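*Asks:*
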Amino acid sequence: MATPCGYRHPVAMFRLQGSKVLAVDMTGDAVKAKNGSMVAYDGQMAFKKLSGGGEGVRGMVTRRITGEQMTLMEVKGQGTCWFADRASEINLVSLQGDKLFVESSNLLATGSGLRTGTSFTGMRGASQGNGLFTTTVEGHGQAAIMSDGPAVVLRVSSQYPLTVDPGAYIAHQGDLRQSFQSGVTFRTFLGEGGGEAFQIRFEGDGVVYVQPSERNSIAGDV
Amino acid sequence: MPFREINSKMIEATVAPGQRLFSQRGAMLAYKGEVSFTPNTQGGQGGVMSMIGRRAAGEATPLMTVEGSGTVLFGHGGHHIQVITLTGETLYVEADRLLAFDGTLQQGTMFMGSQGGVMGMVRGQVTGQGLFTTTLKGHGAVAVMAHGGVIEVPIGPQRPVHVDPQAYVAHHGDVRNKLSSALGLRDLVGRGSGEAFQLELSGSGAVYVQASEEKL
């Protein structure tokens with residue numbers, strides 16, 4: 001088994017089988033995955049429920065306060081485990097010590113070397129219809145995120161800031177600052193808005209994952 | 001090969017005189033040539049016993065016979081279609097997932113209890129498949145519908161495969177299946193991992209799994 005990036009421990013290998021099924025080859029280590037997303041496995045596996053918001057008491061308190069109800073399960077064992085969720089497209093993200101911000105509903109699985117936590121998003125979260133908090137994933141390893149339709153990865157650099165629709169945003173990674181833009185004008189109040197009243201603007205250096213579909217959000221209605 | 005995949009959600013079937021084809025009623029999208037569609041209410045093939053079986057089981061998805069010469073396009077509900085080629089083995093599939101299949105294939109009904117006894121019957125209930133399932137045997141092609149894409153997972157004697165009952169589509173080969181439950185105390189107090197029931201398939205053959213936990 002290949003051990004990328006000088007890992008000493010055996011690490012679960014993520015690979016895509018088609019665009020909608022994630023296959024994870026495991027050798028005794030544990031991965032975290034969205035509750036109930038296993039579709040098949042061979043070998044020996046054990047499933048245990050975890051809760052989002054990070055580990056320990058602090059995580060528990062965070063969960064209570066934030067309402068970021070991400071239910072994850074820990075899958076541990078030897079063999080291959082296949083994951084899929086409601087026929088969503090799956091994208092693999094590899095992390096080398098950096099941080100991935102992702103909507104909890106879009107997170108499918110994370111490798112054993114990754115930690116998950118919660119962070120505050122402010123107005124942006126509310127406009128996306130996802131609440132005020134979002135999930136963070138950091139460490140070394142691979143994560144699988146889901147999108148409704150194949151996601152595009154858009155690069156943001158210092159000269160090229162990016163503005164995205166809150167409903168189509170799924171995740172971002174790298175050194176990015178985000179600001180919330182509102183295009184609300186007099187016309188919006190008259191019910192003549194263009195349907196693009198709110199946007200998120202990303203500046204800095206990193207990548208943003210955008211799906212070719214829009215969630216139902218307040219921003220999409222005005 | 002009578003089935004040709006146009007895209008992931010549509011197949012084209014070629015019918016020639018003397019070659020019959022069965023398909024789910026209403027699944028025809030378009031056709032070219034002289035093709036006739038006759039509903040078969042008589043329960044298709046498999047004799048009276050399997051007809052009674054199908055009736056009793058509610059495993060009576062209306063089928064139609066497609067005959068003539070030409071090409072027919074099939075698709076249904078925007079579901080993904082997987083073409084499975086059988087070379088003598090038996091395919092076990094739920095009737096409502098069957099889109100179309102070769103007329104040369106022998107159609108039958110299997111009582112769940114005959115594989116795995118009481119647990120087999122429980123399995124049928126849990127998976128929403130009921131007490132009976134459809135079997136197809138022989139040489140030919142079968143088009144099966146699934147929500148999302150389908151992956152084929154091989155089953156070996158030393159390599160049993162566990163499948164989420166809701167994601168199970170079909171299986172073929174010499175395979176025994178049983179419902180295994182990993183129901184623990186955690187599930188009872190509402191802290192389950194959502195994977196309480198699994199279908200354990202062992203033997204040799206292959207199982208088809210869809211990329212979704214939704215029924216058709």
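Residue numbers (the numbering used here), protein chains in the order written: chain A, 1 to 222; chain B, 1 to 216. Every residue, glycine too, gets a C-beta built ideally from N, C-alpha and C. Fair warning: this is a prediction, and the values are worked out from it, not measured in the lab.
Report the rounded CA-to-CA distance for alanine 40 of chain A versus valine 208 of chain A, giving the unit in angstroms.
*Replies:* Along the first sequence, read from residue 1 onward, the residue named residue 40 of chain A stands at position 40. Along the first sequence, read from residue 1 onward, the residue named residue 208 of chain A stands at position 208. Distance between the alpha carbons of alanine 40 of chain A and valine 208 of chain A is about 31 Å.
*Asks:* Contact check, glycine 204 of chain A vs aspartate 98 of chain A under 8 Å by CB: the rounded distance?
*Replies:* As a position in the first sequence, residue 204 of chain A is number 204, starting the count at 1. As a position in the first sequence, residue 98 of chain A is number 98, starting the count at 1. Wrong, their Cβ atoms sit about 12 Å apart, outside the cutoff.
*Asks:* Quick check on the burial criterion: 16 or more other C-beta atoms within 10 angstroms. Buried or exposed for asparagine 7 of chain B?
*Replies:* Taking the first residue of the second sequence as position 1, residue 7 of chain B is located at position 7. So asparagine 7 of chain B ends up on the exposed side.
*Asks:* Among A:Ala168, A:Phe198, A:Met146, A:Gln96, whose alpha-carbon lies nearest the alpha-carbon of alanine 84 of chain A?
*Replies:* Locating residue 84 of chain A in the first sequence gives position 84, where the first residue counts as 1. Residue A:Met146 is the option with its Cα nearest to alanine 84 of chain A.
*Asks:* I need the DSSP call for serine 104 of chain A, collapsed to helix, strand or coil.
*Replies:* The residue given as residue 104 of chain A occupies position 104 in the first sequence. Three-state result, serine 104 of chain A: helix.
*Asks:* Could you give the first and the last residue of the continuous beta strand (DSSP E) run that contains alanine 16 of chain B?
*Replies:* For this step, residue 16 of chain B is matched to residue 16 along the second sequence. Counting along the chain, alanine 16 of chain B falls outside any beta strand (DSSP E), and DSSP gives it neither H nor E.
*Asks:* Check whether the Cβ atoms of valine 21 of chain A and glycine 149 of chain B lie closer than 8 Å to each other.
*Replies:* As a first step, residue 21 of chain A is located in the first sequence; it is residue number 21 there, counting from the start. As a first step, residue 149 of chain B is located in the second sequence; it is residue number 149 there, counting from the start. Cβ atoms of valine 21 of chain A and glycine 149 of chain B: closer than 8 Å.
*Asks:* For the region 84 to 95 of chain A, which residues have a CB atom closer than 9 Å to at least one CB atom of chain B, in sequence order?
*Replies:* Those would be Ala84, Asp85, Arg86, Ala87, Ser88, Ile90, in chain order.
*Asks:* For tyrosine 160 of chain A, report the span of its beta strand (DSSP E) as first-last.
*Replies:* In the first sequence, residue 160 of chain A corresponds to position 160, counting from 1. First-last for tyrosine 160 of chain A: undefined, no H or E at that position.
*Asks:* Once DSSP output is grouped into helix, strand and coil, what is the label at aspartate 164 of chain B?
*Replies:* Translated into the one-based positions of the second sequence, residue 164 of chain B becomes position 164. Aspartate 164 of chain B falls in the coil class under three-state DSSP.
*Asks:* What is the DSSP secondary structure of arginine 201 of chain A, reduced to helix, strand or coil?
*Replies:* Here residue 201 of chain A is taken as the residue at index 201 of the first sequence, counted from 1. It is a strand residue.
*Asks:* Pull out every residue of the region 157 to 180 of chain B whose Cβ sits closer than 9 Å to any Cβ of chain A, in chain order.
*Replies:* So the list reads Arg159, Pro160, Val161, His162, Val163, Asp164, Gln166, Ala167, Tyr168, given in the order they occur along the chain.
*Asks:* Within 10 Å of its beta-carbon, does threonine 85 of chain B have 16 or more other beta-carbons around it, so buried, or fewer, so exposed?
*Replies:* For the purposes of this step, residue 85 of chain B is taken as the residue at position 85 of the second sequence. Exposed.
*Asks:* Assign proline 212 of chain A to one of two classes, buried (16 or more other C-beta atoms within 10 Å of its C-beta) or exposed (fewer than that).
*Replies:* Residue mapping note: residue 212 of chain A aligns to position 212 of the first sequence, counting from 1. By the neighbour-count rule (16 or more Cβ atoms within 10 Å), proline 212 of chain A is not buried but exposed.
*Asks:* Using the three-state DSSP reduction, which class does arginine 176 of chain B fall into: helix, strand or coil?
*Replies:* By 1-based counting over the second sequence, the position of residue 176 of chain B is 176. DSSP places arginine 176 of chain B in strand when its eight states are reduced to three.
*Asks:* On the DSSP bridge list, what partners appear for leucine 21 of chain B?
*Replies:* Here residue 21 of chain B refers to the residue found at position 21 when the second sequence is read from its first residue. Looking at the DSSP assignment, leucine 21 of chain B forms a beta bridge with B:Val66, B:Asp102.
*Asks:* Taking Cβ positions only, does phenylalanine 47 of chain A come closer than 8 Å to chain B?
*Replies:* Locating residue 47 of chain A in the first sequence gives position 47, where the first residue counts as 1. Phenylalanine 47 of chain A counts as touching chain B.
*Asks:* Going by beta carbon distance, what residues of the same chain come within less than 7 Å of leucine 50 of chain A, once the five residues before and after it are set aside?
*Replies:* Taking the first residue of the first sequence as position 1, residue 50 of chain A is located at position 50. Excluding sequence neighbours, leucine 50 of chain A sits near Lys32, Leu72, Met73, Glu74.
*Asks:* Select from A:Thr135, A:Glu214, A:Arg155 the residue whose C-alpha is nearest the C-alpha of phenylalanine 202 of chain A.
*Replies:* In the first sequence, the residue the question calls residue 202 of chain A occupies position 202. Among A:Thr135, A:Glu214, A:Arg155, the Cα nearest to that of phenylalanine 202 of chain A is on A:Arg155.
*Asks:* For aspartate 175 of chain A, list the residues DSSP reports as bridge partners.
*Replies:* Residue numbering aside, residue 175 of chain A sits at position 175 when the first sequence is read from its first letter. Beta-bridge pairing links aspartate 175 of chain A to A:Asp205.
*Asks:* Rounded to the nearest angstrom, what separates histidine 140 of chain A and phenylalanine 74 of chain B at their Cα positions?
*Replies:* In the first sequence, counting from the first residue as 1, residue 140 of chain A sits at position 140. In the second sequence, counting from the first residue as 1, residue 74 of chain B sits at position 74. Rounded to whole angstroms, histidine 140 of chain A to phenylalanine 74 of chain B spans 47 Å at the Cα level.
*Asks:* May I have the straight-line CA-CA distance separating serine 179 of chain A from glycine 206 of chain A, to the nearest angstrom?
*Replies:* Looking up residue 179 of chain A in the first sequence gives position 179. Looking up residue 206 of chain A in the first sequence gives position 206. So the alpha carbons of these two residues sit roughly 15 Å apart.
*Asks:* On the three-state DSSP scale, how would you describe arginine 97 of chain B?
*Replies:* Within the second sequence, residue 97 of chain B is the residue found at index 97, counting from 1. Residue state, collapsed to three classes: helix.
*Asks:* Go to glutamine 78 of chain A, then tell me how far its beta strand (DSSP E) extends in each direction, as first and last residue.
*Replies:* As a position in the first sequence, residue 78 of chain A is number 78, starting the count at 1. Its beta strand (DSSP E) spans residues 71 to 83.
*Asks:* Could you tell me the boundaries of the beta strand (DSSP E) in which serine 228 of chain A lies?
*Replies:* No answer is possible for residue 228 of chain A: the residues shown for chain A start at 1 and end at 222.
*Asks:* Determine the extent of the beta strand (DSSP E) in which proline 157 of chain B is found, giving its start and end residues.
*Replies:* Residue mapping note: residue 157 of chain B aligns to position 157 of the second sequence, counting from 1. Counting along the chain, proline 157 of chain B falls outside any beta strand (DSSP E), and DSSP gives it neither H nor E.
*Asks:* How many angstroms separate the CA atom of glycine 149 of chain A from the CA atom of methionine 38 of chain A?
*Replies:* For this step, residue 149 of chain A is matched to residue 149 along the first sequence. For this step, residue 38 of chain A is matched to residue 38 along the first sequence. Approximately 20 Å, taken between the alpha carbons.
*Asks:* Quick check: histidine 76 of chain B and alanine 27 of chain B, are their CB atoms within less than 8 Å of each other?
*Replies:* What you label residue 76 of chain B is simply residue 76 of the second sequence in a count that begins at 1. What you label residue 27 of chain B is simply residue 27 of the second sequence in a count that begins at 1. Yes.
*Asks:* Mind listing the chain B neighbours of glutamine 17 of chain A? Cutoff is C-beta to C-beta under 7 Å, in chain order.
*Replies:* Taking the first sequence and counting its residues from 1, one reaches residue 17 of chain A at position 17. Within 7 Å Cβ-Cβ: Ile151.
*Asks:* Helix, strand or coil for glutamate 200 of chain B, going by three-state DSSP, please let me know.
*Replies:* Residue 200 of chain B sits at position 200 when you count from the first residue of the second sequence. Strand at glutamate 200 of chain B.
*Asks:* Quick one: using the 10 Å Cβ neighbour count with 16 as the cut-off for buried, is phenylalanine 120 of chain A buried or exposed?
*Replies:* Sequence index remark: in the first sequence, residue 120 of chain A carries index 120 (1-based). Answer is exposed; the Cβ neighbour count stays below 16.
*Asks:* Taking 8 Å as the cut-off, decide whether the C-beta atoms of glutamine 198 of chain B and histidine 162 of chain B are in contact.
*Replies:* On the second sequence, position 198 is the one that residue 198 of chain B refers to. On the second sequence, position 162 is the one that residue 162 of chain B refers to. In contact: glutamine 198 of chain B and histidine 162 of chain B (Cβ atoms closer than 8 Å).
*Asks:* Check the Cβ-Cβ distances between methionine 13 of chain A and every residue of chain B, and say whether any is below 8 Å.
*Replies:* As a position in the first sequence, residue 13 of chain A is number 13, starting the count at 1. With 8 Å as the cut-off, methionine 13 of chain A does not count as an interface residue toward chain B.
*Asks:* Evaluate valine 207 of chain B with the Cβ neighbour count: other Cβ atoms within 10 Å of its Cβ, from every protein chain shown; 16 or more gives buried, anything less gives exposed.
*Replies:* Walking along the second sequence from the start, residue 207 of chain B turns up at place 207. When all chains shown are included, valine 207 of chain B counts as buried.
*Asks:* Which residue or residues does DSSP assign as beta-bridge partners of glycine 217 of chain B?
*Replies:* Here chain B has residues from 1 to 216 only, and residue 217 of chain B is not among them.
*Asks:* At the level of alpha carbons, what is the spacing between phenylalanine 198 of chain A and valine 152 of chain A?
*Replies:* Reading the first sequence from its first residue, position 198 is the one you call residue 198 of chain A. Reading the first sequence from its first residue, position 152 is the one you call residue 152 of chain A. Between phenylalanine 198 of chain A and valine 152 of chain A, the C-alpha separation is close to 20 Å.
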